[in-house]
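Visitor:
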Amino acid sequence: MTISTTPITARAHTNIALVKYWGKADEHLMLPTNDSISLTLDQFFSTNTVQFDPRLTVDEINLDGISLPADGQQRIRQFMDLVRQRARQTMFAHITTTNQVPTAAGLASSASGFAALAGAAAKAAGLSTAPRDLSRLARRGSGSASRSIFGGFVQWHAGHNDETSFAEPIVEAVDWPIRMIAVVVSRQKKKISSRVGMKASQQSPYFQDWVRLANANIAPMTAALLKKDINQVGRIAEHNAMSMHATTLSATPPFTYFNADTLRVFDIVGDLRSEGVNCYYTMDAGPNVKVICEDQDVETVLGRLRPEFGPNNLVVAKPGPGLTYR
Ligand code: 2P0
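All residue numbers for the sequence shown refer to UniProt numbering, where the first residue is 1 and numbers rise by one.
#1: Give me, in chain order, the residues of the same chain whose beta-carbon lies closer than 6 Å to that of F79; leave out the 5 immediate sequence neighbours on both sides.
#2: Smallest Cα separation from Q296: which of I181, T129, R88 and S193?
#3: Would you mind working out which of R11, V277, N278 and E308 sits nearest V101, comparing C-alpha positions?
#4: Note the first and the last residue of the continuous alpha helix (DSSP H) segment covering A116.
#5: Buried or exposed: which applies to S46, given that a residue is buried once 16 or more other Cβ atoms fall within 10 Å of its Cβ?
#6: Distance, Cα to Cα, H13 vs P254?
#7: Quick check: what's the CA-CA separation for S128 versus A115?
#8: Measuring only from the beta carbon, is S110 closer than 7 Å to any heavy atom that is part of the ligand 2P0?
#9: Any heavy atom of the ligand 2P0 closer than 7 Å to the Cβ of M91?
#10: Does the beta-carbon of D26, which I'm using as the reference point, lie nearer than 7 Å to any heavy atom of the ligand 2P0?
#11: Can you check whether the CB of T40 is closer than 8 Å to the CB of S135?
#12: What I want to know is whether the C-beta of D271 ends up closer than 7 Å to one or more non-hydrogen atoms of the ligand 2P0.
#13: Taking V183 as the reference, give the member of Y21, N313 and L323 with the closest Cα.
#14: When every heavy atom of the ligand COA is checked, does at least one fall within less than 7 Å of the C-beta of W210?
#15: Flag this pair as touching only if the region 84–95 and the region 144–162 have three or more C-beta atom pairs under 8 Å; answer yes or no.
#16: At which residues does the beta strand (DSSP E) containing S193 begin and terminate?
#17: Note down the Cα distance separating L272 from I292, rounded to an integer number of angstroms.
#18: What's the call for I236, buried or exposed, on a 16-neighbour Cβ count within 10 Å?
#19: Let me check one thing: in DSSP terms, what residues is R11 bridge-paired to?
#20: According to DSSP, simplified to helix, strand and coil, what is T300?
#21: Who pairs with D26 in a beta bridge, going by DSSP?
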């Protein structure tokens with residue numbers, strides 16, 4: 001394996017799950033309890049440069065010019081240790097990440113960040129850059145990063161070991177004007193990280209029901225995506241998200257990512273739907289909501305959300321591409 005000391009830069013886009021990843025079967029290998037399906041988005045991405053340097057005595061990590069909190073640094077160092085172990089070498093690296101996620105979007109950057117880091121680090125270390133291998137590697141940084149290696153609609157196969165747990169595209173170049181409107185109701189850092197929230201939710205008495213439901217959603221969601229059936233996609237995504245959140249409400253102690261504004265968005269989407277507009281909601285490990293609809297309905301949906309939340313708190317995203325090298 002040949003390690004390169006020239007800088008390698010990769011870019012990956014963030015993704016939003018339509019069937020959620022929520023629970024780990026193996027925390028070390030980052031194997032999920034269930035399959036998940038996501039849409040990679042166009043305008044939110046991370047760009048990462050890795051340059052190995054024999055003079056360094058530790059990885060030098062730079063994120064948007066600011067220093068990362070200790071736990072974030074630790075995750076990146078552990079990830080780089082794995083890359084070094086696989087490449088059978090010991091050299092440290094300069095690691096620079098910039099996130100092109102509008103501050104207003106309230107979208108997590110760990111998926112795009114670890115996907116871009118996996119791409120840059122693997123190539124710089126002389127490891128395989130085959131997309132499936134990158135997906136398996138990115139998974140070790142953050143589960144959802146396994147999906148951001150690919151563009152469009154992506155399925156992460158839960159698998160049962162490091163070999164078998166990877167994502168692959170369902171439709172990589174999406175020829176369907178599906179949109180996700182991010183509704184930013186809060187810009188605060190989330191109180192309970194996905195990692196901690198997931199672990200707590202696995203103690204819910206409903207957790208096994210969640211796993212069964214999520215796995216049962218995979219085939220119908222795939223069929224709905226292939227048929228470009230917005231109502232089926234939206235109905236399954238909405239029900240899946242609320243079922244995931246039910247495991248937080250039934251954890252011990254219970255917690256929730258909802259706030260009052262989250263529920264207002266749900267109400268507005270429900271009202272729009274009763275008026276015949278085909279729109280649905282989903283949400284992740286934070287109070288911000290994403291509204292799923294088609295391009296033709298975006299203006300109607302925005303028209304209802306703008307007076308409530310302000311134009312600067314609404315971001316319309318389209319299907320986006322997979323990992324690229326710069
Ligand atoms: C998802 N989320 O499928 C789900 C839905 C949040 C809610 O993937 O512990 O940051 O690094 O594997 O990938 C967020 O979890 O968690 C996530 P780790 P990750 O998008």
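C-beta: ideal position from N, C-alpha, C; glycine also. If you're wondering where the values come from, they're calculated on a predicted model, not measured in any experiment.
Guide: The answer reads as follows:
#1: Position 79 of the sequence shown, counting from 1, holds the residue named residue 79. Hits under 6 Å: G141.
#2: Residue 296 sits at position 296 when you count from the first residue of the sequence shown. Nearest to Q296 by C-alpha distance, out of I181, T129, R88 and S193, is I181.
#3: Position 101 of the sequence shown, counted from the first residue, corresponds to residue 101. V101 has its Cα closest to that of R11, out of R11, V277, N278 and E308.
#4: If you number the sequence shown from 1, residue 116 lands on position 116. According to the DSSP assignment, A116 belongs to the alpha helix (DSSP H) that extends over S110 to A125.
#5: Reading the sequence shown from its first residue, position 46 is the one you call residue 46. Buried, because 16 or more other Cβ atoms sit within 10 Å of the Cβ of S46.
#6: Taking the first residue of the sequence shown as position 1, residue 13 is located at position 13. Taking the first residue of the sequence shown as position 1, residue 254 is located at position 254. Looking at the two C-alpha atoms, the distance is approximately 32 Å.
#7: Along the sequence shown, read from residue 1 onward, the residue named residue 128 stands at position 128. Along the sequence shown, read from residue 1 onward, the residue named residue 115 stands at position 115. Using only the alpha carbons, I get a separation of about 14 Å.
#8: Position 110 of the sequence shown holds residue 110. Checking the Cβ of S110 against the ligand 2P0 gives yes.
#9: Here residue 91 refers to the residue found at position 91 when the sequence shown is read from its first residue. Outside the cutoff, so no.
#10: For the purposes of this step, residue 26 is taken as the residue at position 26 of the sequence shown. Flag unset: Cβ of D26 not near the ligand 2P0.
#11: The count along the sequence shown starts at 1 and reaches residue 135 at position 135. The count along the sequence shown starts at 1 and reaches residue 40 at position 40. Judged by their CB atoms, S135 and T40 are not nearer to each other than the 8 Å cut-off.
#12: For the purposes of this step, residue 271 is identified with residue 271 of the sequence shown, where counting begins at 1. False, no ligand heavy atom lies under 7 Å from that Cβ.
#13: By one-based count along the sequence shown, residue 183 stands at place 183. When each option's Cα is compared against that of V183, the closest is N313.
#14: Annotation note on the ligand COA: not contained in the displayed structure, which lists the ligand 2P0 as its ligands.
#15: In this structure the region 84–95 does not touch the region 144–162; the number of beta carbon pairs closer than 8 Å is below three.
#16: For the purposes of this step, residue 193 is taken as residue 193 along the sequence shown, with counting starting at 1. Unbroken run through S193: none, as it is neither H nor E.
#17: Residue 272 sits at position 272 when you count from the first residue of the sequence shown. Residue 292 sits at position 292 when you count from the first residue of the sequence shown. Answer to the nearest angstrom: the Cα atoms are 12 Å apart.
#18: Position 236 of the sequence shown, counting from 1, holds the residue named residue 236. Taking a 10 Å sphere around the C-beta of I236, we find 16 or more other C-beta atoms and assign the residue as buried.
#19: Taking the sequence shown and counting its residues from 1, the one referred to as residue 11 is at position 11. Its beta-bridge partners are T47 and T324.
#20: Your numbering for residue 300 matches position 300 in the sequence shown. Correct three-state label for T300: helix.
#21: Here residue 26 is taken as the residue at index 26 of the sequence shown, counted from 1. Answer is L31.
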